[in-house]
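Inspection log for the structure reproduced underneath, given as structure tokens.
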Amino acid sequence: MESFAEPILVTRPYFPPLEDFKLALEKVWENQYLTNNGPVLCEFQRRLSDYLDIGTTNLDLFNNGTLALEVGLYALGLAGYEVITTPFTFVATAHAIKRIGAKPVFADVDPENLCLDPAACEKLITSQTKAIVPVHVYGHPCDVEGFERLSQKYGVKIIYDAAHAFGVKLQGKSIAAYGDMSMFSFHPTKLFHSCEGGLLTFKDSSVQVSVERLRNFAILSETKCVDVGTNAKMNELQATMGNLVLNAVDRLIAYRRSIHETYERAFASCKSVKMVSVMSGNSAIADWEILRNDAYCPVLFKDFETREKVYGELKKYNVFSRRYFYPLLTDFTPYIGGNETPIARDAAARVLTLPTYNNLALKDVEKIAAIIRSIVGE
Ligand code: T4K
């Protein structure tokens, strides 16, 4: 098979029409406001509240997802406590926990959709555990009922890292409606983006006061600063991009569905390539209605050697897949010595995320799948 003339990356950001962006910028120039709660940010926040169907006092925008999570965890008073999370995620999840002075404790994942397993978490709850940070990894929904049960039984807060899950719905409700808090990343590698950006949503609207304060240095006035805040504000140019991408997001999600289905068809008869399930049959929400976002296309190979071979060989065809998420966080310097998590370790050794983005042609998806089939010999 011929290699691709142009590199095929694991993802490419969606760019709205340049004319639309230029037109939207005129508004910013008119307003003479670039950051600090400008009018475009306020409009973006209102539109997100409509899109996600949550109150305007139950969400806040940030300059990136990592700081959104960090500020959210700090605002909930988790510093000094244990916070259970998954090792099968991007480093930002654990960094946010550690940077506020809490201790990340790693629990294993569900073998089907690779999200944190509530039963594994329950075994690790101690008197020092104040919260759990499950990740809707790849946009796959965690067992939100299982975590709700832990929250009721042990009084722990549930903060979802929903970095990948924008647009996902469960039982007709945005995934932001579950848990005490959720963080969405608007990084350009995400299906929905604002150049860089992050969104925090929370059940209790009284959290908004502290979150808004913390993202603006915790200053209350020219002469008053009440906590160790930070600078985590989204600016007007980010919000401008976000507004334009929001216009297109449903279409972007629908197209990713067709990419996913194309891979599914191509691998249907291939025993050594398994697409990771979006919903786990082991979870308490296994029969819930889901609107998926197909943010990523993760597949599992039969062993580490095959995954490494495919990952390397694809590059020769100009295809740059990624091993999200390998290695496990517990193999990174700041987290070495964390609990062993055999299911997550096995997945990290065998997983590969395949290219998916809005201008990836379906015939190219078919070709990528055919190359993979030729490498694994099926
Ligand atoms: N929690 C989770 C579970 C996350 O996955 C993330 C971020 C966070 C929290 C934190 O959210 P943020 O603070 O980022 O909002 C990327 C992203 O930088 C990171 O945002 C993301 N997760 C992570 C999974 O992936 P890299 O190092 O793999 O990105 P990079 O630069 O290699 O880009 C990936 C591909 O996309 C490349 O082939 C190039 C292409 N690309 C990238 C950018 C930025 C483009 O074509 N254009 C672009 O503008 O980390």
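If you're matching positions, the sequence shown starts at 100 in our numbering and goes up one per residue. Ideal Cβ placement from N, Cα and C applies to all residues, glycine included.
How would you label Gly-436, buried or exposed, when you count the other beta carbons within 10 angstroms and need 16 or more for buried?
In the sequence shown, residue 436 corresponds to position 337, counting from 1. An exposed status is given to Gly-436, since fewer than 16 other beta-carbon atoms sit within 10 Å of its beta-carbon.
Using only alpha-carbon positions, find the residue among Ile-224, Gln-144 and Arg-350 that is nearest to Lys-252.
The residue you call residue 252 lines up with position 153 of the sequence shown. Cα-wise, what sits closest to Lys-252 is Ile-224.
Let me know if Glu-118 comes out buried or exposed under the rule of 16 or more other beta-carbons within 10 Å of its beta-carbon.
Stepping through the sequence shown from its first residue, residue 118 is reached at position 19. Exposed: under 16 other Cβ atoms inside 10 Å.
Could you give the DSSP three-state label for Leu-343: helix, strand or coil?
In the sequence shown, counting from the first residue as 1, residue 343 sits at position 244. Helix.
In chain order, what residues of the same chain have a beta carbon less than 7 Å from the beta carbon of Ser-371, not counting five sequence neighbours either side?
One-based indexing of the sequence shown puts residue 371 at position 272. Closer than 7 Å at the Cβ level, and outside the excluded window around Ser-371, lie Phe-400, Lys-401, Thr-405, Val-475 and Glu-477.
Nearer than 7 Å: is that true of the beta carbon of Pro-112 relative to any heavy atom of the ligand T4K?
Here the question's residue 112 lines up with position 13 in the sequence shown. True, at least one ligand heavy atom lies under 7 Å from that Cβ.
Could you spell out where the alpha helix (DSSP H) holding Ala-492 opens and where it closes?
Since the first and last residues shown for the chain are 100 and 477, residue 492 lies out of range.
Would you mind reading off the limits of the beta strand (DSSP E) that contains Cys-396?
Along the sequence shown, read from residue 1 onward, the residue named residue 396 stands at position 297. Note, Cys-396: beta strand (DSSP E), 396-400.
Taking its Cβ as the centre, do 16 or more other Cβ atoms sit within 10 Å of Thr-339, making it buried, or is it exposed?
For the purposes of this step, residue 339 is identified with residue 240 of the sequence shown, where counting begins at 1. With 16 or more Cβ atoms within 10 Å of its Cβ, Thr-339 is classed as buried.
Three CB pairs or more closer than 8 Å across the stretch 355-375 and the stretch 462-473:
yes
Is Asp-159 near the ligand T4K, going by C-beta to nearest heavy atom under 7 Å?
In the sequence shown, residue 159 corresponds to position 60, counting from 1. Incorrect: Asp-159 has no Cβ contact closer than 7 Å to the ligand T4K.
Under 7 Å from any heavy atom of the ligand T4K, does the C-beta of Gly-164 make it?
Locating residue 164 in the sequence shown gives position 65, where the first residue counts as 1. Yes, the ligand T4K has a heavy atom inside 7 Å of this Cβ.
In chain order, each beta strand (DSSP E) run of at least 3 residues that lies wholly inside the stretch 174-258
181-184, 202-205 and 228-232
Measure the Cβ-Cβ separation of Pro-426 and Lys-197 and say whether it is below 8 Å.
The residue you call residue 426 lines up with position 327 of the sequence shown. The residue you call residue 197 lines up with position 98 of the sequence shown. No, Cβ-Cβ distance for Pro-426 and Lys-197 is not below 8 Å.
Over what stretch of residues does the alpha helix (DSSP H) that includes Asp-463 continue unbroken?
Reading the sequence shown from its first residue, position 364 is the one you call residue 463. Looking at the DSSP string, the run of the alpha helix (DSSP H) that includes Asp-463 is 461-475.
Span of the beta strand (DSSP E) around Asp-159:
Along the sequence shown, one-based indexing puts residue 159 at 60. From DSSP, the beta strand (DSSP E) with Asp-159 extends over 158-161.
Residue burial classification, Lys-268 (beta-carbon count within 10 angstroms, cutoff 16)
Residue numbering aside, residue 268 sits at position 169 when the sequence shown is read from its first letter. Per the 10 Å Cβ criterion, buried.
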